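**Student:** In my numbering, the protein residues as written are 1 to 158. Glycine is no exception: its CB is placed at the ideal position from the N, C-alpha and C atoms. These numbers come from a predicted model, not from an experiment.
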Amino acid sequence: MSAKVQFDVPVLLPEVADRGDRCVALLACELRSMPGILRVHLAGDHDSPRICAHHDPALIDAATIERLAREKGSHVTDEIGHLLWAVGWIEDERAEREVGEALRGLAGVLDAEVAPQGFVRVEYDRHRIDAGAIERVLHALGIARDGMTRDQPPKKVW
Numbered sequence: 001m002s003a004k005v006q007f008d009v010p011v012l013l014p015e016v017a018d019r020g021d022r023c024v025a026l027l028a029c030e031l032r033s034m035p036g037i038l039r040v041h042l043a044g045d046h047d048s049p050r051i052c053a054h055h056d057p058a059l060i061d062a063a064t065i066e067r068l069a070r071e072k073g074s075h076v077t078d079e080i081g082h083l084l085w086a087v088g089w090i091e092d093e094r095a096e097r098e099v100g101e102a103l104r105g106l107a108g109v110l111d112a113e114v115a116p117q118g119f120v121r122v123e124y125d126r127h128r129i130d131a132g133a134i135e136r137v138l139h140a141l142g143i144a145r146d147g148m149t150r151d152q153p154p155k156k157v158w
């Protein structure tokens with residue numbers, strides 16, 4: 001007989017805002033590899049995603065799964081950074097594409113998305129690049145946070 005335990009994604013991965021984020025998949029994969037875990041999937045709605053782990057209680061208990069999930073979530077958070085900046089309106093699709101390509105071309109940037117409505121989202125490998133280097137590239141491209149001049153680098157929103 002199996003049992004299940006659920007964890008709020010923001011508790012395990014505090015920087016993750018999107019249930020489709022690669023860190024959620026990575027954490028689920030880590031949990032699946034644990035002896036006694038039978039199935040791991042996402043539960044909950046878009047606003048309150050949860051990771052649900054079905055397990056064999058004869059092999060692993062809920063408290064152990066929770067401890068390991070927190071440890072693995074902390075490890076993923078230490079490895080992969082997430083930045084989200086509100087920036088000024090990006091004038092056209094070409095500029096949006098160029099900024100995204102420049103960010104994705106940086107060694108250590110895993111993913112970058114630029115929205116014309118004024119948001120820049122970046123996932124990065126903390127061991128290969130830091131937020132300051134990403135900020136400097138945005139600054140060099142003329143991208144500044146809302147209400148800031150080009151002479152001021154964007155600041156980490158989250």
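Measuring only the C-alpha atoms, how far is ASP130 from ALA112?
**Tutor:** Approximately 14 Å, taken between the alpha carbons.
**Student:** Would the beta-carbon of ILE51 fall within 8 Å of that of ALA17?
**Tutor:** Cβ atoms of ILE51 and ALA17: not closer than 8 Å.
**Student:** Whole angstroms are fine: how far does the CA of HIS54 sit from the CA of SER33?
**Tutor:** Going by the C-alpha atoms only, they are around 12 Å apart.
**Student:** Contact check, ARG19 vs VAL11 under 8 Å by CB: the rounded distance?
**Tutor:** Rounded, the Cβ-Cβ distance is 14 Å, inconsistent with contact.
**Student:** Kindly indicate which residue of LEU141, ILE143 and ARG121 has the alpha-carbon position closest to the one of HIS82.
**Tutor:** Among LEU141, ILE143 and ARG121, the Cα nearest to that of HIS82 is on ARG121.
**Student:** Can you round the beta-carbon distance between ALA144 and VAL87 to whole angstroms, since I take them to be within the 8 Å contact cut?
**Tutor:** Yes, ALA144 and VAL87 are in contact; Cβ-Cβ is about 6 Å, under 8 Å.
**Student:** So the candidates are VAL109, VAL137, LEU26 and LEU138; which of them puts its Cα closest to the Cα of TYR124?
**Tutor:** The candidate whose alpha carbon is nearest that of TYR124 is VAL109.
**Student:** Let's test the definition: count the other Cβ atoms within 10 Å of the Cβ of ASP47 and tell me whether it reaches 16, buried, or not, exposed.
**Tutor:** Answer is exposed; the Cβ neighbour count stays below 16.
**Student:** Scan the stretch 95 to 137 and note each continuous beta strand (DSSP E) run of 3 residues or more that stays entirely inside, going in chain order.
**Tutor:** Counting whole runs of 3 or more residues, the stretch 95 to 137 contains the beta strand (DSSP E) stretches 109 to 115 and 119 to 125.
**Student:** Pick helix, strand or coil for HIS46, following the three-state DSSP scheme.
**Tutor:** DSSP places HIS46 in coil when its eight states are reduced to three.
**Student:** Out of curiosity, what's the CA-to-CA distance linking ARG70 and HIS127?
**Tutor:** For ARG70 and HIS127, the distance between alpha carbons rounds to 21 Å.
**Student:** Please report the distance separating the alpha-carbon of ALA140 from that of VAL5.
**Tutor:** ALA140 and VAL5: Cα-Cα distance of roughly 47 Å.
**Student:** Applying the 10 Å Cβ sphere with the 16-neighbour rule, what's the burial state of GLY100?
**Tutor:** It counts as buried.
**Student:** How about VAL137 and LEU84: do their beta carbons lie closer than 8 Å?
**Tutor:** Contact flag unset, no.
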